[in-house]
């Protein structure tokens, strides 16, 4: 697994349509971790996975701070696409501490570490490749990522990284998929309630801070 030539895989995948990219990774690796935030662009990857490997678990990190609209959207897509969704939650005591101290307003990085990064650590150890729906246009960090990248001892697979917003919307509309309920209210990226405001790309995420990522994909 760790001797895989990342450059060679990227060259191969860059010439393929997104369906073929996803299929190639599932065919090449046994232990593929799929996660979704059920955000405004999530329907694309979820639809692809549901068609290519319908039994594949999709992990959702329930931070305890999601918008009700996100949770209802998750239920709707899960039913529509017959997804095998597994919820992950933070340590209850640590989570309670973040709520009591309103840690997101004091130390947003630590809040994300407790409520997002820690819950998935043990799951990551059981997989070779992590597939997620990051898209390059969302911010400058993501625009520099390749289709396949490496983080520590794990390959990261971003099948949509070279897409733009118009391709995402064409796919969602073309396949009759529902939009996230908050998108029509100006939310183009949706995370936890206290750290999300309306905005293009990821402009509404931690918009009063220099922070642009929760830490899962850094």
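In my numbering, the protein residues as written are 8 to 225.
Every residue gets a Cβ at the ideal spot worked out from N, C-alpha and C, and that includes glycine.
On a predicted model such as this, the values are computed, not experimentally measured, just so you know.
Reduced DSSP secondary structure (H/G/I, E/B, other) of residue i
{"i": "residue 205", "result": "coil"}
{"i": "residue 54", "result": "helix"}
{"i": "residue 182", "result": "coil"}
{"i": "residue 111", "result": "helix"}
{"i": "residue 73", "result": "strand"}
{"i": "residue 63", "result": "coil"}
{"i": "residue 23", "result": "coil"}
{"i": "residue 156", "result": "strand"}
{"i": "residue 68", "result": "strand"}
Residue i burial status per 10 Å Cβ neighbour count (16 or more: buried)
{"i": "residue 173", "result": "exposed"}
{"i": "residue 28", "result": "buried"}
{"i": "residue 102", "result": "buried"}
{"i": "residue 67", "result": "buried"}
{"i": "residue 99", "result": "exposed"}
{"i": "residue 40", "result": "buried"}
{"i": "residue 190", "result": "buried"}
{"i": "residue 93", "result": "exposed"}
{"i": "residue 182", "result": "exposed"}
{"i": "residue 88", "result": "buried"}
{"i": "residue 78", "result": "exposed"}
{"i": "residue 57", "result": "buried"}
{"i": "residue 24", "result": "exposed"}
{"i": "residue 44", "result": "buried"}
{"i": "residue 81", "result": "buried"}
{"i": "residue 112", "result": "exposed"}
Residue interval of the alpha helix (DSSP H) (run including residue i)
{"i": "residue 190", "result": "Neither: residue 190 is in no alpha helix (DSSP H) and is coded neither H nor E."}
{"i": "residue 41", "result": "No alpha helix (DSSP H) holds residue 41; the beta strand (DSSP E) holding it covers 39-41."}
{"i": "residue 132", "result": "First-last for residue 132: undefined, no H or E at that position."}
Same chain, Cβ closer than 6 Å to residue i, five either side skipped, listed in chain order
{"i": "residue 121", "result": "97, 101, 105"}
{"i": "residue 52", "result": "140"}
Nearest-angstrom beta carbon gap, residue j and residue i [assumed within contact, 8 Å]
{"i": "residue 179", "j": "residue 50", "result": "5 Å"}
{"i": "residue 123", "j": "residue 200", "result": "About 14 Å separates the two Cβ atoms, so there is no contact after all."}
{"i": "residue 85", "j": "residue 195", "result": "That pair is no contact at about 22 Å."}
Element boundaries [beta strand (DSSP E), containing residue i]
{"i": "residue 91", "result": "91-95"}
{"i": "residue 163", "result": "161-164"}
{"i": "residue 137", "result": "136-138"}
Neighbourhood of residue i by C-beta distance below 7 Å, restricted to the same chain and skipping five residues each side
{"i": "residue 184", "result": "50, 54"}
{"i": "residue 32", "result": "39, 136, 138, 164"}
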